[in-house]
Structure formats: C-alpha cells, structure tokens
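Visitor: Sequential numbering from 133 applies to the sequence shown in the working numbering.
Yeah, the Cβ is synthetic: ideal placement off N, Cα and C, and Gly gets one too.
Every value quoted in this text rests on a predicted model; they were computed, and no experiment measured them.
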Amino acid sequence: MTYQIVTLPGDGIGPEIVGEAVKVLEKIAIKYNHQFKFNEQLIGGIGIDEAGASLPEATIEACLKSDAILLGAVGGPKWDTTSNGDRPEKGLLKIRETLKLFANLRPAILYKQLKCASPLKEEVIGDNLDILIVRELTSGIYFGKHERVVMENKKATYAEDIEYYNVEEIERILKVGFDAAMKRGKKAVIVDKANVLATSKLWREVSEEVAKEFPEVEYSFMYVDNAAMQLVVNPMQFDVIITNNMFGDILSDEASMLTGSIGMLASASLGEGSLGLYEPSHGSAPDIAGQNKANPIATILSAAMMLRYSLGLNAEAYAIERAVECVLDQGYRTSDIMNEGMKLVGTREMGELICNAI
Ligand SMILES: NC(=O)C1=CN([C@@H]2O[C@H](COP(=O)(O)OP(=O)(O)OC[C@H]3O[C@@H](n4cnc5c(N)ncnc54)[C@H](O)[C@@H]3O)[C@@H](O)[C@H]2O)C=CC1
Ligand SMILES: CC(C)CC(=O)C(=O)O
Ligand SMILES: [Mg+2]
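This is the structure:
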C-alpha cells in the first residue's frame with residue numbers, strides 16, 4: 133500500500149533527527165512491503181528564510197493532502213527577533229490550529245535499560261513507569277490574545293496573555309483522555325489550577341460530566357504545582373494525566389526526565405480524522421545542532437506512533453519500538469542517555485543501529 137507522508141524537518145537538530153526517522157521508515161517499507169512517499173516541506177525559521185513565512189501556504193496544502201506528517205522541531209536564536217513579527221514557533225502553533233489537532237499524546241515510558249540514565253533514584257521511577265500525558269493543543273493561553281501596550285509613561289506599559297477555554301474544547305480533550313485511560317490502567321488525573329483560574333474551574337465542572345460516561349475510570353484532580361512535585365516524588369501513581377495546553381507543555385518536559393532524557397519523549401497530535409502530526413516533544417536544541425549529537429529516538433518513536441495512529445500499521449509500529457529496545461539492550465547510547473560502561477554513538481549511528489535491528 134502507498135502512503136503520502138509530509139516531512140517538516142524545521143530548524144536546529146530537526147533535519148538530523150527527521151533524517152534518521154525517515155531511514156527507519158524506509159526500512160519498514162522494505163520489510164513490510166509498503167510504499168512511503170515522502171514530501172519534504174518548510175516550517176519554522178527555514179520557512180521564514182526560504183519562503184517568507186513560518187508556515188508557507190504550500191506546506192499547508194501538502195499537509196492537507198497527506199496521510200500523516202512527521203515534524204522535527206522549530207526555532208532558534210536567529211529568529212527570536214524578526215522584523216515582521218513572524219517567528220518559527222508561530223508556524224508550529226498555526227499548523228496545529230489549521231489541521232485542528234487538538235489532542236497531543238505524550239507518552240513518558242521508561243525503557244528498563246535507561247533506569248540509571250534518569251537523574252531520579254531508581255526506586256522512585258520503578259520498573260514499569262508508563263505515563264500518558266494528554267495535553268489540549270489548540271486552545272488555552274497559547275492561542276488567546278497576546279498584547280503589549282506601550283504607554284508614553286514607561287511605567288504604565290503592560291502586556292497580557294489571555295487563557296480561554298470553552299466547554300466544547302474541554303469536553304473533547306477530556307473524552308480523548310478518559311478513552312485512553314479506559315485502554316490502560318483506568319486512572320486519570322486532571323491537572324489544573326482551580327484554586328485560582330476560572331478556566332480550571334470550568335475544566336472541573338466539565339470533567340464531572342464527562343466522567344459519567346466513563347464510570348470505570350477512577351479520576352481525581354490535582355493542582356499543577358503539586359503535580360509538578362508529585363511527578364518527581366511519586367511518578368508511579370500516574371496513569372493518564374489530562375491537562376491544558378501550557379501545563380501539558382511544561383509537565384511533559386518534566387516527565388521526560390523520568391525516562392532518562394527529553395530525547396526519548398515522542399508525541400502524536402491528533403484531531404477528529406486519521407490525519408495526525410508526529411513530533412518529538414523537545415525543541416530544536418540549537419546548542420547541539422549540526423554536531424551529530426542529538427538523540428533521534430523521540431522522533432523515531434514518533435514515527436512509530438504515526439504508523440499506529442494515522443496509518444493503522446500496528447505490527448510495523450511495534451517493530452520500531454522493539455528495534456529501539458534491542459539497540460538499548462546492546463548498550464548503545466547517545467550522549468544525553470550515556471552511562472558508564474555503555475557505548476557512545478551519534479545521531480546517525482543510532483539511526484543506523486535501529487534500522488539494522490528491524
Ligand atoms: N516543538 C518544537 O518545535 C519546539 C521548539 N522549541 C524551540 O526550540 C528552541 C530551543 O528551545 P529550548 O528551550 O532550548 O528547548 P530544547 O528542547 O530545544 O532543548 C532543551 C535541552 O534539551 C536538549 N535536547 C533537546 N532535544 C534533544 C535531543 N533530541 N537529544 C539530546 N538533547 C536534546 C538540548 O540540547 C537542550 O540542552 C527555541 O527556539 C524554542 O522556542 C522548544 C520546544 C518545542
Ligand atoms: C514551541 C512551543 C509553541 C511548543 C512546545 O514547546 C511544545 O509543543 O512542546
Ligand atoms: Mg514544549
């Protein structure tokens with residue numbers, strides 16, 4: 133069968149890690165007799181440089197015609213102050229919004245081989261850590277009004293960012309979260325700041341209603357400040373965490389360290405249909421870009437999620453996940469997950485090793 137895949141390498145380490153994930157998908161295509169047609173498009177800083185926009189029209193058109201999208205990362209100091217107000221991150225937010233990808237699934241899974249790569253004590257992370265963060269992705273403060281008003285009297289200058297959620301937006305992400313919990317450990321924690329925020333209070337009300345549709349799911353609420361602490365004190369208490377756009381962004385970076393590195397955390401951004409966007413949870417890592425140092429595993433595992441969720445290729449997704457485990461079993465590590473006695477490899481070598489293990 134033939135599948136159309138748009139690749140959006142983006143900036144910084146993006147091209148390096150997407151390159152390795154494409155190699156892995158090419159190996160899958162050979163082994164399982166599929167055809168993946170890759171169509172590379174621009175997004176982020178390179179979009180601004182080469183096409184004058186962080187999300188060029190041609191990219192949107194290609195994505196809409198595709199079966200799935202694989203993205204690297206966007207951003208970098210070069211574009212932190214552009215003259216027309218555009219910046220790489222705007223392209224990322226816009227593609228999520230345009231494709232209506234409201235549900236961001238970020239699994240923080242500890243590979244047993246990486247227990248000692250985490251800065252947390254082994255007894256804290258346990259043996260089977262597997263948390264799914266379900267993050268709302270197309271609303272909240274990232275999509276509210278952002279304004280800066282400069283007054284003549286400098287002291288009166290102000291800026292504001294508005295957090296907005298309506299019932300429909302909250303309901304649909306909660307349903308994704310509760311549904312995921314039903315297929316896992318049947319436990320959901322809704323993370324908010326309901327002791328302060330009106331939006332969080334609304335999330336709680338809607339949660340009580342949605343929960344009635346999932347009577348088997350044991351659910352509770354937790355304030356985000358406590359959740360940040362609980363994730364490092366007792367991460368094993370969590371099964372599914374459901375939360376808003378900004379809290380999910382922050383907590384998923386924190387949860388990544390339970391797995392050893394942000395370079396291990398894959399993600400899937402999904403909407404109502406089968407079209408999805410798959411990307412590692414990390415950014416463009418300008419500090420290591422172009423040095424063959426980036427860990428490509430988060431992107432490779434995101435490609436596995438793409439096979440599972442958008443293309444329905446479960447066996448193939450599983451083959452990638454097993455290949456990653458096999459390479460970790462053999463002791464190969466990129467520098468972010470390196471430990472004594474292990475074999476240090478670069479981005480390209482890690483990609484090759486995973487291909488060879490398929
Ligand atoms: N989805 C996206 O495209 C995102 C883009 N960004 C953008 O990325 C740029 C850098 O942001 P930062 O805050 O530094 O976050 P970052 O996630 O790019 O990097 C944070 C730290 O993690 C390390 N790191 C990240 N990915 C890694 C990997 N695969 N292997 C090994 N180490 C890895 C980096 O070297 C750095 O030390 C900014 O322009 C930011 O706006 C940030 C987050 C998400
Ligand atoms: C750069 C942001 C817009 C996105 C982000 O940090 C993320 O999705 O993890
Ligand atoms: Mg982030």
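Looking at Gly415 and ligand 2, is the gap between the Cβ and the nearest heavy atom below 7 Å?
Guide: yes
Visitor: Is it true that the CB of Thr270 sits closer than 8 Å to the CB of Arg336?
Guide: Contact: no.
Visitor: Is the CB-CB distance between Leu264 and Leu390 below 8 Å?
Guide: no
Visitor: Please report the distance separating the alpha-carbon of Pro188 from that of Pro147.
Guide: 18 Å
Visitor: Is the segment 228-238 close to the segment 450-457, with three or more CB pairs under 8 Å?
Guide: no
Visitor: For the candidate residues Ala153, Leu433, Ser388, Asn376, whose alpha-carbon lies nearest to that of Lys325?
Guide: Out of Ala153, Leu433, Ser388, Asn376, Asn376 has the C-alpha closest to the C-alpha of Lys325.
Visitor: So, helix, strand or coil for Thr213, using DSSP?
Guide: coil
Visitor: Can you give me the C-alpha to C-alpha distance between Glu172 and Leu231, rounded to a whole angstrom?
Guide: 18 Å
Visitor: I want to check one thing, is the minimum distance from the CB of Gly207 to the heavy atoms of ligand 2 below 7 Å?
Guide: yes
Visitor: Do you know offhand how far Ile322's Cα is from Ile162's?
Guide: 42 Å
Visitor: Can you tell me the Cα-Cα spacing of Pro367 and Ala400, whole angstroms?
Guide: 22 Å
Visitor: Which of the three DSSP states is assigned to Pro239 in this structure?
Guide: strand
Visitor: Once DSSP output is grouped into helix, strand and coil, what is the label at Pro141?
Guide: strand
Visitor: For Phe310, does the three-state DSSP call read helix, strand or coil?
Guide: helix
Visitor: Tell me which residue opens and which closes the beta strand (DSSP E) that Ala291 is part of.
Guide: 290-293
Visitor: Thinking Gly143 and Gly176 are a contact (beta carbons under 8 Å), I'd like their distance in whole angstroms, please.
Guide: Rather than Gly, the amino acid found at residue 143 in this sequence is Asp. Sure, about 5 Å apart at Cβ, within 8 Å.
Visitor: Assuming Pro526 and Gly483 make a contact with CB atoms under 8 Å, what is their CB distance in whole Å?
Guide: The shown model of the chain, from 133 to 490, leaves out residue 526, and the question about it has no answer.
Visitor: Suppose only complete runs of 3+ residues qualify. What are the beta strand (DSSP E) ranges in the segment 180-211, listed by chain order?
Guide: 200-205
Visitor: Express the C-alpha separation of Arg316 and Phe346 in angstroms, rounding to a whole number.
Guide: 13 Å
Visitor: Heavy atom of ligand 1 less than 7 Å from the Cβ of Asp468, yes or no?
Guide: yes
Visitor: I'd like to confirm the pairing. Which residues does DSSP put opposite Ala400 in its beta bridges?
Guide: Partner residues in the beta bridge of Ala400, as assigned by DSSP, are Leu237, Tyr410.
Visitor: Compare the C-alpha of Val456 against each of Ile469, Ile490, Gly392, Ile178 and name the closest.
Guide: Ile490
Visitor: Assuming Leu203 and Leu252 form a contact by the criterion Cβ under 8 Å, report the distance between their Cβ atoms to the nearest whole angstrom.
Guide: Leu203 to Leu252, Cβ: 29 Å. No contact.
Visitor: Specify, as a first and last residue, the run of the beta strand (DSSP E) that Met438 falls within.
Guide: Per DSSP, Met438 belongs to no beta strand (DSSP E); it is in the alpha helix (DSSP H), 429-441.
Visitor: State the beta-bridge partners of Glu350 as determined by DSSP.
Guide: Lys319
Visitor: In the DSSP assignment, find the unbroken alpha helix (DSSP H) run with Asn358 in it and report its ends.
Guide: 356-365
Visitor: Is there contact between the segment 371-388 and the segment 300-311, where contact requires at least three CB pairs shorter than 8 Å?
Guide: The answer is yes - the segment 300-311 touches the segment 371-388, with three or more Cβ pairs under 8 Å.
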